[in-house]
Amino acid sequence: MKALFLDGLGKLSVQNVAMPLPKADEVLVRVEACGICGTDRHLFLGEFPSSPPVTLGHEFSGIIEAVGQDVSDLKIGMRVTGDPNIACGACDACHAGRVNLCHNLQAIGIHRSGGFAEYVVMPRKQAFALPMSLDPLHGAFCEPLACCLHAVDLAGLKAGASVTVIGGGVIGLLTVQLARLAGATRVVLITRNRAKRDLAAQLGATTCLDPAEVDEHLRQHGGADVVFECAGLAATVAGAPRLARRGGMVVILGVLPAGQKVDIEPFDLLFREVSLITSFLNPFTHARAADLIATGAVKVAPLISRTLSLEAALDVIATPPPDGEIRALVVPSLAIGA
């Protein structure tokens with residue numbers, strides 16, 4: 000089979016390798032789609048820890064082709080989405096129910112072979128069923144949606160809350176939808192890109208702003224109960240607290256390169272009692288994400304910018320996304336150059 004490898008810092012290749020065989024507690028999945036995440040670009044640049052050589056791709060779904068002897072509830076031919084984050088279950092973080100903080104966490108597509116391949120194996124416990132009627136591309140959004148769900152859970156959003164979302168990429172646009180589902184009545188999306196602002200309005204944002212319009216908006220309406228930083232930029236992380244009201248909260252979802260620092264003013268956080276928290280991965284939220292996508296409660300079709308073959312994905316991962324792109328999906332069955 001073909002698989003896209005991170006061979007080392009700044010080195011990618013598509014190789015022909017043996018098809019993996021599932022162990023007793025694993026399933027073999029024929030990958031239908033796998034999203035190119037900003038983290039994949041961080042991995043390519045050495046800005047996020049990984050274990051090369053490794054097949055990238057952690058946002059995947061597909062059809063079960065084989066099951067291990069101990070797997071009885073999942074069957075060949077079922078469509079599943081994969082939760083890539085495998086916790087050990089034995090460390091103190093796991094015992095405390097903080098599986099996303101597992102000391103021995105292994106992630107499919109980062110530490111072990113991932114979804115940028117024709118086939119991938121994963122533990123049965125990481126697989127969640129999707130309906131066969133679902134568009135084959137849509138299951139690839141379960142993993143990013145699960146991460147957004149964790150952030151919304153941490154924020155404790157209540158009906159009638161006001162929310163500001165910074166960033167119009169896939170994480171920001173999924174968070175906009177989750178905020179509305181949670182009952183937020185005012186959801187502001189901030190992004191420089193006009194097309195993303197227009198799409199955010201279609202997906203439930205009540206106000207969409209260019210960053211140049213933010214100061215005037217704050218003068219007229221004040222800050223939000225919760226600010227979600229989804230852009231992953233030093234400037235937006237540093238500027239997020241001023242978008243929160245007194246007693247409000249800032250939740251950081253965006254991933255900055257390891258080692259990058261930002262300026263935060265503790266005096267401002269203290270005297271306005273603004274909470275600053277971070278949201279990491281998707282503990283116990285993947286099944287809920289799958290249900291939200293399966294039922295259509297969260298719309299993902301408008302977030303698909305293009306589909307690519309494994310070979311075409313090499314250049315896409317190695318370069319910044321074009322302006323306006325939301326999510327490119329790798330479809331391993333596509334021909335070279337697609």
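With numbering that gives the first Met the number 0, the residue at position 206 of the sequence shown is 205, and numbering never jumps. Note that CB positions come from ideal geometry on N, CA and C, so glycine has one too. If you're wondering where the values come from, they're calculated on a predicted model, not measured in any experiment.
Worksheet item: Cα separation between residue 62 and residue 103?
Response: In the sequence shown, the residue the question calls residue 62 occupies position 63. In the sequence shown, the residue the question calls residue 103 occupies position 104. Straight-line Cα distance between these residues: approximately 28 angstroms.
Worksheet item: At which residues does the alpha helix (DSSP H) containing residue 17 begin and terminate?
Response: Translated into positions along the sequence shown, residue 17 becomes position 18. From DSSP, residue 17 is part of no alpha helix (DSSP H); its letter is neither H nor E.
Worksheet item: residue 285: buried (16+ other C-beta within 10 angstroms of its C-beta) or exposed?
Response: Working through the sequence shown from its first residue, we reach residue 285 at position 286. Residue 285 should be labelled buried.
Fill in: At least 3 beta-carbon pairs within less than 8 angstroms: the region 244-258 vs the region 280-300
no
Item to complete: Can you tell me which of 274, 264, 234, 268 puts its alpha carbon nearest to the alpha carbon of residue 250?
Response: Here residue 250 is taken as the residue at index 251 of the sequence shown, counted from 1. Measuring from the Cα of residue 250, the nearest candidate turns out to be 274.
Item to complete: Have a look at the DSSP bridge pairing and note the partners of residue 121.
Response: Locating residue 121 in the sequence shown gives position 122, counting from the first residue. For residue 121, which the question treats as bridged, DSSP gives the partners 26.
Worksheet entry | Inter-residue spacing [alpha-carbon to alpha-carbon] between residue 93 and residue 216 | Here the question's residue 93 lines up with position 94 in the sequence shown. Here the question's residue 216 lines up with position 217 in the sequence shown. Cα-Cα distance, rounded: 43 angstroms.
Worksheet item: Hey, residue 237 and residue 261: beta-carbon distance below 9 angstroms or not?
Response: Within the sequence shown, residue 237 is the residue found at index 238, counting from 1. Within the sequence shown, residue 261 is the residue found at index 262, counting from 1. Result yes, Cβ atoms of residue 237 and residue 261 sit closer than 9 angstroms.
Worksheet entry | Nearest-angstrom Cα separation, counted from residue 214 out to residue 35 | Within the sequence shown, the letter at position 36 stands for residue 35. Within the sequence shown, the letter at position 215 stands for residue 214. So the alpha carbons of these two residues sit roughly 33 angstroms apart.
Item to complete: Return the Cβ separation of residue 138 and residue 23 in integer angstroms, given the expectation that the two are a contact with Cβ distance under 8 angstroms.
Response: Position 139 of the sequence shown, counting from 1, holds the residue named residue 138. Position 24 of the sequence shown, counting from 1, holds the residue named residue 23. Actually they do not touch by this definition, with Cβ atoms about 25 angstroms apart.
Discussion item. With the cut-off set at 9 angstroms, would you say residue 205 and residue 226 are in Cβ contact?
Written reply: Position 206 of the sequence shown holds residue 205. Position 227 of the sequence shown holds residue 226. Cβ atoms of residue 205 and residue 226: not closer than 9 angstroms.
Item to complete: Report the residue from 203, 96, 324, 135 whose alpha carbon sits nearest the alpha carbon of residue 162.
Response: Residue numbering aside, residue 162 sits at position 163 when the sequence shown is read from its first letter. For residue 162, the nearest C-alpha among the options comes from 203.
Item to complete: Give the straight-line distance between the Cα atoms of residue 142 and residue 266, rounded to the nearest whole angstrom.
Response: Numbered from its first residue, the sequence shown carries residue 142 at position 143. Numbered from its first residue, the sequence shown carries residue 266 at position 267. Roughly 36 angstroms between the two C-alpha positions.
Worksheet item: In terms of alpha-carbon separation, which member of 289, 166, 335, 182 lies closest to residue 233?
Response: Residue mapping note: residue 233 aligns to position 234 of the sequence shown, counting from 1. Closest by alpha carbon: 166.
Discussion item. Within a Cβ cutoff of 7 angstroms, which residues of the same chain sit near residue 296, ignoring the five residues on either side of it in sequence?
Written reply: Position 297 of the sequence shown, counting from 1, holds the residue named residue 296. The answer, listed in chain order, is 180.
Worksheet item: Helix, strand or coil for residue 90 per DSSP?
Response: Translated into the one-based positions of the sequence shown, residue 90 becomes position 91. Coil, per DSSP.
Worksheet item: What are the residues that DSSP puts in a beta bridge with residue 60?
Response: Within the sequence shown, numbered from 1, the residue matching residue 60 stands at position 61. Bridge partners of residue 60: 32, 80.
Fill in: the region 59-73 / the region 36-47 touching (three or more Cβ pairs under 8 angstroms)
no
Discussion item. Pop quiz: residue 343 and residue 333 are said to be a contact at Cβ under 8 angstroms. What is the actual Cβ separation, rounded to whole angstroms?
Written reply: Only positions 0 to 337 of the chain appear in this structure, which leaves residue 343 out of reach.
Item to complete: Tell me the start and end of each unbroken beta strand (DSSP E) in the region 203-263 that is at least 3 residues and wholly inside, in chain order.
Response: 206-208, 223-228, 243-251
Worksheet item: Which of the three DSSP states, helix, strand or coil, is assigned to residue 69?
Response: In the sequence shown, the residue the question calls residue 69 occupies position 70. Coil.
Discussion item. On the CB-based measure, 16 or more other CB atoms within 10 Å of its CB, does residue 326 come out buried or exposed?
Written reply: Position 327 of the sequence shown holds residue 326. Result: buried.
Fill in: Per-residue burial, residue 84 [other beta carbons within 10 Å of its own, 16 or more giving buried]
Sequence index remark: in the sequence shown, residue 84 carries index 85 (1-based). Answer is buried; the Cβ neighbour count reaches 16.
Worksheet entry | Simplified DSSP assignment, three categories, for residue 329 | Working through the sequence shown from its first residue, we reach residue 329 at position 330. If DSSP states are grouped into helix, strand and coil, residue 329 belongs with the strands.
Practice prompt. Mind listing, in chain order, the continuous beta strand (DSSP E) runs of no fewer than 3 residues lying wholly within the region 131-198?
Written response: 161-165, 185-189
Discussion item. When you compare the region 3-15 with the region 41-61, are there three or more beta-carbon pairs, one atom per stretch, that lie closer than 8 angstroms?
Written reply: yes
Worksheet item: Which one or two residues does DSSP pair with residue 116 in a beta bridge?
Response: Walking along the sequence shown from the start, residue 116 turns up at place 117. Paired residues: 2.
Fill in: Close-in-space but distant-in-sequence residues of the same chain around residue 312 (CB under 7 angstroms, 5 per side omitted)
Reading the sequence shown from its first residue, position 313 is the one you call residue 312. Excluding residues within five positions, the ones whose Cβ falls inside 7 angstroms are 3, 35, 115, 329.
Worksheet entry | Cβ separation of residue 120 and residue 25, assumed to be a contact under 8 angstroms, to the nearest whole Å | Taking the first residue of the sequence shown as 1, we reach residue 120 at position 121. Taking the first residue of the sequence shown as 1, we reach residue 25 at position 26. Right, their Cβ atoms sit about 5 angstroms apart.
Worksheet item: Between the beta-carbon of residue 208 and the beta-carbon of residue 228, is there less than 9 angstroms?
Response: Walking along the sequence shown from the start, residue 208 turns up at place 209. Walking along the sequence shown from the start, residue 228 turns up at place 229. The answer is no: Cβ separation not under 9 angstroms.
Discussion item. Looking only at its chain, what residues have a beta carbon closer than 7 angstroms to the beta carbon of residue 347, apart from the 5 residues adjacent to it on each side?
Written reply: No answer is possible for residue 347: it lies beyond the span of the chain, which begins at 0 and ends at 337.
Item to complete: Could you tell me which of 164, 145, 29, 133 sits nearest to residue 76, measuring between CA atoms?
Response: Taking the sequence shown and counting its residues from 1, one reaches residue 76 at position 77. Comparing Cα-Cα distances from residue 76 to each of 164, 145, 29, 133, the minimum goes to 29.
Practice prompt. Write down the C-beta distance between residue 240 and residue 269 rounded to the nearest angstrom, noting that I regard them as a contact closer than 8 angstroms.
Written response: Locating residue 240 in the sequence shown gives position 241, counting from the first residue. Locating residue 269 in the sequence shown gives position 270, counting from the first residue. Not really, about 11 angstroms apart at Cβ, beyond 8 angstroms.
Fill in: CA-to-CA distance, residue 152 to residue 112, given in whole angstroms
By 1-based counting over the sequence shown, the position of residue 112 is 113. By 1-based counting over the sequence shown, the position of residue 152 is 153. Rounded to whole angstroms, residue 112 to residue 152 spans 30 angstroms at the Cα level.
Discussion item. For residue 338 and residue 173, I'd like the C-alpha separation in whole angstroms.
Written reply: It is not possible to answer for residue 338, since the shown part of the chain is limited to 0 through 337.
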